[in-house]
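Participant:
2 protein chains.
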Amino acid sequence: MTTQHTPYAIGHAPSHTKHHEWRTAANSAPHLLPHLPKALSSNPNLKLLDIGCGPGTISASLAQHLLPSGHVLATDIADDVLERAKEHAISQGLSVPQNISFQKESVYELSFPDNEFDIVHAHQVLCHLDDPVAAVKEMLRVCKPGGLISLRESDMHMWCFWPELPSLLKFHELMVNVMLANGGQDKGGRKLVSWIMEAGVDRKDIEAGFGTWCYSEPGDRKAWGEAMIERLRTGQMRQRGIEVGLTTEEDIEEMVKGWREWMERGDATLGIVNGEVIVKKAAS
Amino acid sequence: MTTQHTPYAIGHAPSHTKHHEWRTAANSAPHLLPHLPKALSSNPNLKLLDIGCGPGTISASLAQHLLPSGHVLATDIADDVLERAKEHAISQGLSVPQNISFQKESVYELSFPDNEFDIVHAHQVLCHLDDPVAAVKEMLRVCKPGGLISLRESDMHMWCFWPELPSLLKFHELMVNVMLANGGQDKGGRKLVSWIMEAGVDRKDIEAGFGTWCYSEPGDRKAWGEAMIERLRTGQMRQRGIEVGLTTEEDIEEMVKGWREWMERGDATLGIVNGEVIVKKAAS
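Just so you know, the protein sequences line up as chains A and B, in that order. Heads up, the first sequence is in the numbering used here, so the first residue is 1 and it goes up one at a time. Heads up, the second sequence is in the numbering used here, so the first residue is 285 and it goes up one at a time.
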């Protein structure tokens with residue numbers, strides 16, 4: 001049977017990758033970090049596969065944690081972003097390909113043999129897929145028995161704004177609806193455990209929790225607000241949103257104003273929730 | 285001017301306190317714990333005021349962190365729960381009143397002089413008040429200049445269930461509506477920074493974030509589900525809910541069934557979000 005899958009629909013426009021660039025292992029893989037010392041002590045040359053690496057800041061940050069002799073193989077479905085990810089890694093003092101290497105891959109059909117990697121990692125990747133369970137199965141296939149799968153997925157409904165400006169609530173609704181129109185997943189955070197069990201994993205081999213991002217301190221608010229405005233102005237959310245009739249130019253300009261007001265309000269806050277899961281692949 | 289305030293409306297029925305009893309400083313004051321070593325090194329005899337302590341498990345747990353010579357004064361508006369809190373503290377090996385003491389207090393009119401405590405702590409207390417800003421002002425009053433206020437408040441809309449059983453969504457709606465019918469706050473998590481600034485604090489003296497509770501592992505699911513069922517069967521949520529016409533006996537039984545189903549589903553998850561804030565009281 002052949003299944004059709006939706007490609008990564010958000011795209012790698014500068015508006016989208018700009019926000020992604022502040023991401024590090026510390027702020028985006030906090031559930032994985034505590035497992036690294038033990039994994040490295042059993043295999044100092046461990047291989048970590050990072051799926052859907054985008055601009056590669058988490059990949060590079062993970063590679064720093066695996067020095068001196070662990071290795072990150074960072075992959076993405078898009079060619080253009082891999083070049084940028086490579087430049088970023090070099091700018092961080094990493095050696096390519098000794099510490100980290102880059103390769104175009106589809107998560108649905110990874111080009112690796114079974115049982116190849118000690119750790120398989122994906123951050124906010126399943127949300128862009130129409131068949132997240134198939135992707136988890138493929139990750140399990142290439143992971144060594146006893147190895148780890150590390151997943152972190154946003155739950156798009158778990159955003160809380162203060163103040164609750166109507167234009168920001170509209171932005172949030174548009175964001176969810178564009179994701180759904182693209183065949184993606186809006187509730188990945190809460191569904192991770194369910195997807196992984198559907199892929200054949202026993203509940204006892206899953207460690208599940210939730211993590212948050214908080215934008216409240218003035219610097220964080222500014223960075224986030226500007227990224228959202230740039231996304232509204234030049235990103236896929238505008239293009240797709242207008243294309244499929246979910247929004248208009250006028251709406252978009254209202255949302256931009258909303259983000260500006262939010263950035264300037266001293267008491268403004270935004271909370272966002274991600275599901276975080278570590279799966280141990282059973283020894284066969 | 286005299287202001288009328290709503291008393292703690294949930295009550296301390298066993299159904300409500302049972303769930304509260306698994307709470308510790310580690311799972312309910314993770315934002316405060318990193319500040320304790322520094323506070324203790326400047327004052328080994330520091331005094332921590334815990335407001336709205338309920339069954340006192342967080343208070344006792346905090347007192348353990350302040351050993352040997354720090355002190356927790358645990359307060360609540362309700363007499364009956366204080367006796368239970370005292371018993372709990374003794375069962376944990378704490379000395380009363382050397383390590384921890386108990387006293388009936390209203391957060392709106394604390395009986396202490398200004399600048400009395402090194403740390404003032406309240407966990408999910410403001411959500412039960414009709415004037416949270418007045419309470420924050422009173423906490424600031426009794427806190428020493430340079431001291432800390434530690435707050436953690438649920439954001440009741442930030443719950444995510446999987447599976448999304450209709451009866452559980454109904455439960456969630458009832459919970460929010462009973463809180464509102466009682467004059468409480470449903471969005472404390474996101475509004476904390478705003479309330480604190482309204483009480484006169486500068487944004488730079490506020491450290492804000494969000495924390496989560498995750499119920500997914502079978503044991504956690506069972507404990508949480510049973511506490512919710514007991515609350516539905518014997519707690520204020522049923523009594524008030526029926527009294528003000530928000531629910532019926534039949535609805536309640538549906539919700540009980542929903543929780544049972546959720547507890548038994550291996551892939552079930554519940555995420556809950558709390559706003560977490562540390563305020564440094566400016567030196568005057």
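All C-beta atoms in this analysis are idealised placements derived from N, C-alpha and C, irrespective of residue type, glycine included.
Any idea if Leu232 (chain A) is buried or exposed, counting beta-carbon neighbours within 10 angstroms, 16 or more meaning buried?
Facilitator: Buried, since its Cβ has 16 or more Cβ neighbours within 10 Å.
Participant: Measuring CB to CB, does Trp479 (chain B) end up less than 8 Å from Val540 (chain B)?
Facilitator: Not closer than 8 Å, so no.
Participant: Give a yes or no on whether the minimum CB-CB distance between Thr24 (chain A) and chain B is below 8 Å.
Facilitator: Chain B, which has no Cβ nearer than 8 Å to the Cβ of Thr24 (chain A), makes this no.
Participant: For a test of the three-state rule: what should DSSP assign to Tyr499 (chain B), helix, strand or coil?
Facilitator: Here Tyr499 (chain B) sits in strand by DSSP.
Participant: Quick one: grab the DSSP three-state call for Lys565 (chain B).
Facilitator: Three-state DSSP puts Lys565 (chain B) in coil, outside helix and strand.
Participant: Could you tell me whether the Cβ of Lys280 (chain A) comes closer than 8 Å to any Cβ of chain B?
Facilitator: No, Lys280 (chain A) lies away from the interface with chain B (no Cβ there is under 8 Å from its Cβ).
Participant: Within the continuous alpha helix (DSSP H) that includes Arg436 (chain B), where are the two ends?
Facilitator: Here Arg436 (chain B) belongs to no alpha helix (DSSP H); instead the beta strand (DSSP E) covers 427-446.
Participant: Quick check: is the beta carbon of Arg425 (chain B) nearer than 8 Å to any beta carbon in chain A?
Facilitator: Chain A, which has no Cβ nearer than 8 Å to the Cβ of Arg425 (chain B), makes this no.
Participant: What does DSSP give as the partner residue(s) for Gln376 (chain B) in the beta ladder?
Facilitator: Gln376 (chain B) is not bridged to any residue.
Participant: Run the CB neighbour count on Ala369 (chain B), radius 10 Å, all protein chains shown included, and call it buried at 16 or more, exposed below.
Facilitator: The residue is buried, with at least 16 neighbouring Cβ atoms inside 10 Å.
Participant: Select from the segment 446-478 of chain B all residues with a C-beta closer than 9 Å to any C-beta belonging to chain A, and list them in chain order.
Facilitator: Flagged, chain order: Trp446, Pro447, Glu448, Lys471, Gly473, Arg474, Lys475, Leu476, Val477, Ser478.
Participant: Have a look at the DSSP bridge pairing and note the partners of Asn274 (chain A).
Facilitator: DSSP, once it has assigned bridges, lists A:Ser154, A:Gly211 as partnering Asn274 (chain A).
Participant: Counting pairs of Cβ atoms below 8 Å between the segment 52-65 of chain A and the segment 94-109 of chain A, do you hit three or more?
Facilitator: The segment 52-65 of chain A vs the segment 94-109 of chain A: in contact.
Participant: List the residues of chain B whose Cβ lies closer than 9 Å to the Cβ of Val273 (chain A), in chain order.
Facilitator: The contacting residues are Met442, Cys444, Phe494, Thr496, Gly555, Val557.
Participant: For Met500 (chain B) versus Gly473 (chain B), is the C-beta distance shorter than 8 Å?
Facilitator: In the sequence as displayed, the identity of residue 500 (chain B) is Ser instead of Met. No. Outside cutoff.
Participant: Taking the alpha helix (DSSP H) that Phe171 (chain A) falls in, what are its first and last residues?
Facilitator: That run of the alpha helix (DSSP H) goes 166-181.
Participant: Would you call the segment 459-474 of chain B and the segment 408-426 of chain B in contact, with 3 or more CB pairs under 8 Å?
Facilitator: These segments touch.
Participant: For Ala566 (chain B), does the count of other Cβ atoms within 10 angstroms reach 16, so buried, or fall short, so exposed?
Facilitator: Ala566 (chain B) comes out exposed.
Participant: Confirm, please, whether the CB-CB distance from Gly542 (chain B) to Leu452 (chain B) is below 8 Å.
Facilitator: Cβ distance < 8 Å, so Leu452 (chain B) and Gly542 (chain B) count as in contact.
Participant: Below 8 Å on the Cβ atoms is my contact criterion, and I expect Val273 (chain A) with Thr496 (chain B) to pass it. Report the Cβ-Cβ distance as a whole number of Å.
Facilitator: Right, the Cβ-Cβ distance comes to about 7 Å (below 8 Å), so this counts as a contact.
Participant: Chain A partners of Met481 (chain B), CB-CB under 9 Å?
Facilitator: Within chain A, the residues near Met481 (chain B) are Gly266, Asp267.
Participant: Got a sec: is the Cβ-Cβ distance from Pro314 (chain B) to anything in chain A below 8 Å?
Facilitator: False, the Cβ-Cβ gap to chain A never drops below 8 Å.
Participant: Please state whether the Cβ-Cβ distance between Arg436 (chain B) and His355 (chain B) is less than 8 Å.
Facilitator: Against a cut-off of 8 Å, the Cβ pair of His355 (chain B) and Arg436 (chain B) comes out as no contact.
Participant: I'd like to confirm the pairing. Which residues does DSSP put opposite Gln239 (chain A) in its beta bridges?
Facilitator: Per DSSP, none; premise fails for Gln239 (chain A).
Participant: Any contact of the segment 312-331 of chain B with the segment 342-350 of chain B, i.e. 3+ C-beta pairs under 8 Å?
Facilitator: Yes, the segment 312-331 of chain B touches the segment 342-350 of chain B.
Participant: Any Cβ of chain B within less than 8 Å of the Cβ of Pro34 (chain A)?
Facilitator: Chain B, which has no Cβ nearer than 8 Å to the Cβ of Pro34 (chain A), makes this no.
Participant: Kindly indicate if chain B contains any beta-carbon less than 8 Å away from that of Ser216 (chain A).
Facilitator: True, the Cβ-Cβ gap to chain B drops below 8 Å.
Participant: Using a C-beta cutoff of 8 Å, does Arg240 (chain A) count as contacting chain B?
Facilitator: It does not: the Cβ of Arg240 (chain A) has no partner Cβ on chain B nearer than 8 Å.
Participant: Might you give, ordered along the chain, the residues of its own chain that have their beta carbon closer than 7 Å to the beta carbon of Arg307 (chain B), omitting 5 neighbours on each side?
Facilitator: Taken in chain order, the residues that qualify are Thr341, Ile342.
Participant: How long is the line joining the alpha carbons of Thr377 (chain B) and Leu351 (chain B), rounded to whole angstroms?
Facilitator: Rather than Thr, the amino acid found at residue 377 (chain B) in this sequence is Gly. One C-alpha to the other measures close to 11 Å.
Participant: Determine the extent of the alpha helix (DSSP H) in which Ala344 (chain B) is found, giving its start and end residues.
Facilitator: Segment 341-349, the alpha helix (DSSP H) holding Ala344 (chain B).
Participant: I want to verify the contact list: residues of chain A whose CB lies under 8 Å from the CB of Asp439 (chain B), in sequence order.
Facilitator: Under the 8 Å cutoff, chain A gives Cys160, Gly271.
Participant: Let me know the secondary structure DSSP gives Ser385 (chain B) once reduced to three states.
Facilitator: Strand, per DSSP.
Participant: Give the secondary structure of Thr553 (chain B) by DSSP, where H, G and I count as helix, E and B as strand, and everything else as coil.
Facilitator: If DSSP states are grouped into helix, strand and coil, Thr553 (chain B) belongs with the strands.
Participant: CA-CA distance, Phe326 (chain B) and Gly431 (chain B)?
Facilitator: Note on residue identity: the sequence assigns Ser, not Phe, to residue 326 (chain B). Approximately 11 Å, taken between the alpha carbons.
Participant: So the candidates are B:Val561, B:Val477, B:Asn461, B:Ile361; which of them puts its Cα closest to the Cα of Glu527 (chain B)?
Facilitator: Here the closest residue by C-alpha is B:Asn461.
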